[in-house]
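2 protein chains.
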Amino acid sequence: MALTAVRRGFSTKEGPVFASAPVDLNHIFRQTNLHDDLAYVEHRLMQRVESRSPVLSSAGAYITAAGGKRLRAALVLLAARLGNYNLHHASHPAAAIELLHSASLIHDDLVDHTQRRRGRVTVHARWNNTVALVLGDYLFAAATDELANEPDPRLIEWYAAAAQTVVEGELSPVTQLEPLDIALAQYRYKIGCKTAALFKVACQAGMAVAGGTPEEIERLAEFGYHLGMAFQIVDDVLDFTGDEDTLGKPAGNDLREGTLTLPLIYAVMQDDHALLRQVAHTASLDPSQVPELVSAVIDAGGAERALEEARITIEHALACLDRFPSSTTKQALSDIGAFVLARQA
Amino acid sequence: MALTAVRRGFSTKEGPVFASAPVDLNHIFRQTNLHDDLAYVEHRLMQRVESRSPVLSSAGAYITAAGGKRLRAALVLLAARLGNYNLHHASHPAAAIELLHSASLIHDDLVDHTQRRRGRVTVHARWNNTVALVLGDYLFAAATDELANEPDPRLIEWYAAAAQTVVEGELSPVTQLEPLDIALAQYRYKIGCKTAALFKVACQAGMAVAGGTPEEIERLAEFGYHLGMAFQIVDDVLDFTGDEDTLGKPAGNDLREGTLTLPLIYAVMQDDHALLRQVAHTASLDPSQVPELVSAVIDAGGAERALEEARITIEHALACLDRFPSSTTKQALSDIGAFVLARQA
Numbered sequence: 009m010a011l012t013a014v015r016r017g018f019s020t021k022e023g024p025v026f027a028s029a030p031v032d033l034n035h036i037f038r039q040t041n042l043h044d045d046l047a048y049v050e051h052r053l054m055q056r057v058e059s060r061s062p063v064l065s066s067a068g069a070y071i072t073a074a075g076g077k078r079l080r081a082a083l084v085l086l087a088a089r090l091g092n093y094n095l096h097h098a099s100h101p102a103a104a105i106e107l108l109h110s111a112s113l114i115h116d117d118l119v120d121h122t123q124r125r126r127g128r129v130t131v132h133a134r135w136n137n138t139v140a141l142v143l144g145d146y147l148f149a150a151a152t153d154e155l156a157n158e159p160d161p162r163l164i165e166w167y168a169a170a171a172q173t174v175v176e177g178e179l180s181p182v183t184q185l186e187p188l189d190i191a192l193a194q195y196r197y198k199i200g201c202k203t204a205a206l207f208k209v210a211c212q213a214g215m216a217v218a219g220g221t222p223e224e225i226e227r228l229a230e231f232g233y234h235l236g237m238a239f240q241i242v243d244d245v246l247d248f249t250g251d252e253d254t255l256g257k258p259a260g261n262d263l264r265e266g267t268l269t270l271p272l273i274y275a276v277m278q279d280d281h282a283l284l285r286q287v288a289h290t291a292s293l294d295p296s297q298v299p300e301l302v303s304a305v306i307d308a309g310g311a312e313r314a315l316e317e318a319r320i321t322i323e324h325a326l327a328c329l330d331r332f333p334s335s336t337t338k339q340a341l342s343d344i345g346a347f348v349l350a351r352q353a
Numbered sequence: 009m010a011l012t013a014v015r016r017g018f019s020t021k022e023g024p025v026f027a028s029a030p031v032d033l034n035h036i037f038r039q040t041n042l043h044d045d046l047a048y049v050e051h052r053l054m055q056r057v058e059s060r061s062p063v064l065s066s067a068g069a070y071i072t073a074a075g076g077k078r079l080r081a082a083l084v085l086l087a088a089r090l091g092n093y094n095l096h097h098a099s100h101p102a103a104a105i106e107l108l109h110s111a112s113l114i115h116d117d118l119v120d121h122t123q124r125r126r127g128r129v130t131v132h133a134r135w136n137n138t139v140a141l142v143l144g145d146y147l148f149a150a151a152t153d154e155l156a157n158e159p160d161p162r163l164i165e166w167y168a169a170a171a172q173t174v175v176e177g178e179l180s181p182v183t184q185l186e187p188l189d190i191a192l193a194q195y196r197y198k199i200g201c202k203t204a205a206l207f208k209v210a211c212q213a214g215m216a217v218a219g220g221t222p223e224e225i226e227r228l229a230e231f232g233y234h235l236g237m238a239f240q241i242v243d244d245v246l247d248f249t250g251d252e253d254t255l256g257k258p259a260g261n262d263l264r265e266g267t268l269t270l271p272l273i274y275a276v277m278q279d280d281h282a283l284l285r286q287v288a289h290t291a292s293l294d295p296s297q298v299p300e301l302v303s304a305v306i307d308a309g310g311a312e313r314a315l316e317e318a319r320i321t322i323e324h325a326l327a328c329l330d331r332f333p334s335s336t337t338k339q340a341l342s343d344i345g346a347f348v349l350a351r352q353a
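So the protein lines, in turn, are chains A and D. Quick note on our numbering: the first sequence kicks off at 9 and runs consecutively. Quick note on our numbering: the second sequence kicks off at 9 and runs consecutively.
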């Protein structure tokens, strides 16, 4: 399949940045001794989700234990390490951004009736809709509370703007696959809101608490934004190419839910496949057609082209780090770029 | 009915505080020239609910236009007027607290499937559940953003703690009517979280932005807390004694939804009425019994006793203002206490 070739081609690419990029996030964290610092953030998160309400405490601990890779927290800490790093200071935005991320996932799953995430039953499915709604609200407030520990008002401002942007993304669907420029604009706007805004504020806040100059903060903000865009594009590619066992959901899940993403947009642009043409011009899709459509998108090169866009976006991200001298930290941020492109889940 | 006598007795009470208390909130605002300042806050709120998402903007404008009395914003401004008042500074917590209040009402209505509030169709009923969920999240974030304008980190801290407390209250029901001490503790905890926490932070934040001393801030916090407790008790009394046309909902609505409040707790304590005894010992209530139960609660003096508790609570609130010299502002805060007790809706 063409896609595999693209990936293999990328991961063996001969270039200064990706030369020997490890694509395992744990490996990157080990090389930068980040595990202890992330454990510190994790401990704060566990404290933060404690509540006088027993059900909130239980559901909060449940969701924190299933917290995933903590990539956003790691970005805050690594960005801070490019400046005057202080774990205590950096841990506040790191924890706040992970809390916001958890809150928005809980509410997303509630709205989308998602039954499982990261291999675990979702909060509304395990408890009920009220608990999911209230826990999300509680974590939003806990995130704000966490930021109250850092008296730099810019952090609150960026965080609040990002939180608003994330929820705006929730209500900004891609509504059409043609013409291409409209479809691309809608898609980029949506993922910019939904995903890139949080990656951006993570890197921006990390640099700010480490005393970065306005220009350094701006560079990190741009790095984070591009990284987040690429992360979401790859996520959307994996929905077509991913393995059900690894992803925890069958391929074509987005299509089944009516979510139009970049691989489909590019496939429609490039191919006259009857089913693609039909999808481009009708509002609804028969679920039984999903496997055929997934194949059609891959055959038309939609996933491949989307992945190429992710690769270019990562290059834009890494270019934002040019002004920083070489360091283990800078290498780790490059490696995260490689991880984002190569990940399988 | 005994209740009317209690109210009449109160509103003609001969005392320095309540001597000629106007119980119309508009009258209180006029006497303190607060209308223009509240209009300034209202304008900020309208700006705040604007979004790049058209549906969020529409629903946000809809909910802001139905914003009610803005009692919490008025408390911020009046508390600030006890110190070095600056409308611009005071408007930030005033707007933030109203945004938080709106967000929590939208989410409450969603969870409780409430179809109408303040005579208008609720957000989830007019749009859909997703819009209600996301708009609430958006307003929570907008409130945080509003506070980013005031660099005093205490404001963020108090606000975030209050936001957490409000949502904790949502999951803290009164589960039993006997023994009395348990029932009262559950009830007071719930309304302390759900209502008083926000009144408290309103008054506290107002005093803080006006440069109050820690002791002055603490006095205002206590004033607000007691005022909020009384406000909620009266709310719960009105659910038994209120007029359907004024309230916009039939009496006994809380009972119908299984919400156990102070008038019922006191009625069960005081009376051996068969239905009250039955309610005290069963988990569910037949909706057809609600009108009879409403009458039984009133006949047993439950509403009257709850209102007496509200009156004493207001006295506690006003005592917190003792250290402040007489002023139009202090009188207005007293008058708001009288308004809270005498209000019919």
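Glycine included, each C-beta is placed from N, C-alpha and C at the ideal position.
Contact annotation: G232 of chain D and A98 of chain D have beta-carbon atoms that are not nearer than 9 Å.
Here DSSP, grouped into helix, strand and coil, assigns V129 of chain D to strand.
Between the alpha carbons of T221 of chain A and I241 of chain A lies a gap of roughly 30 Å. Here the C-alpha atom of T267 of chain D lies approximately 20 Å from the C-alpha atom of L64 of chain A. In this structure, P101 of chain A sits near V217 of chain A, with a CB-CB distance shorter than 9 Å. By the beta-carbon neighbour count (other beta carbons within 10 angstroms, threshold 16), G127 of chain D is exposed. Identification of residues in the region 226 to 253 of chain D having a C-beta nearer than 8 Å to some C-beta of chain A yields an empty set.
No Cβ of chain A is located within less than 9 Å of the beta carbon of Y195 of chain D. Excluding sequence positions up to five before and after H109 of chain D, its CB lies within less than 7 Å of the CB of R80, L206, all in the same chain and listed in chain order. A distance below 9 Å separates the beta carbons of A133 of chain A and Q123 of chain A. Taken in chain order, the complete alpha helix (DSSP H) segments of 4 residues or longer contained in the region 199 to 255 of chain A are 205 to 217, 222 to 249, 252 to 255. Scanning its chain for C-beta atoms nearer than 6 Å, with the 5 sequence neighbours on each side dropped, one finds around Y93 of chain A the residues A218, in chain order.
For A340 of chain A, the closest Cβ of chain D is not nearer than 9 Å. For A204 of chain A, there are no C-beta contacts with chain D under 8 Å, since the nearest C-beta of that chain is about 15 Å from it. Assignment of R331 of chain A by DSSP, reduced to helix, strand and coil, places it in the coil class. Here V129 of chain D is exposed. Its C-beta has fewer than 16 other C-beta atoms within 10 Å.
Interface annotation for the region 62 to 73 of chain D against chain A: V63, L64, criterion Cβ-Cβ distance under 8 Å. Cβ atoms of L235 of chain A and V348 of chain A come within 8 Å of each other, at about 6 Å. Ranked by Cα distance from A308 of chain A, the first of A:L86, A:G144, A:L284 is A:L284. Under the 8 Å Cβ criterion, the region 293 to 311 of chain A counts as touching the region 268 to 277 of chain A, having at least three qualifying pairs. Using a Cβ distance threshold of 9 Å, D45 of chain A and L95 of chain A count as a contacting pair. In the structure shown, R124 of chain A adopts extended strand secondary structure according to DSSP, grouped into three states. Fewer than three beta-carbon pairs drawn from the region 158 to 174 of chain D and the region 181 to 197 of chain A are found closer than 8 Å, and the two stretches are therefore not classed as touching. Among the CB atoms of chain A, none fall inside 9 Å of the CB of E224 of chain D.
Within the same chain, Cβ atoms closer than 8 Å to the Cβ of V139 of chain A are found at V63, L64, A67, V131, H132, the five residues on either side in sequence being excluded. Pairing L270 of chain D with G260 of chain D, the inter-Cα distance amounts to about 13 Å. Counting only Cβ-Cβ distances below 7 Å, V142 of chain D has contacts in chain A at V175, E178, L179, in chain order. In the three-state scheme derived from DSSP, where H, G and I count as helix and E and B as strand, L46 of chain D is classed as helix. The Cβ neighbour count for H51 of chain D, taken over all protein chains shown within 10 Å, is under 16; the residue is labelled exposed. The Cβ neighbour count for Q212 of chain D, taken over all protein chains shown within 10 Å, is at least 16; the residue is labelled buried. When secondary structure is reduced to three states using DSSP, W135 of chain A falls in the coil class, being assigned neither helix nor strand. Against chain A, the CB of P161 of chain D has a partner CB under 9 Å away; the residue lies at that interface. Remark: C-beta atoms of G76 of chain D and L53 of chain D do not approach each other more closely than 9 Å. For the C-beta of S59 of chain D, the chain A residues within less than 8 Å are, from N- to C-terminus, Q172, E176.
Residue-level contact check: N137 of chain A touches chain D, since one or more beta carbons of chain D fall below 9 Å from its beta carbon.
Judged by DSSP secondary structure, Q184 of chain D falls outside any alpha helix (DSSP H); it is assigned neither H nor E.
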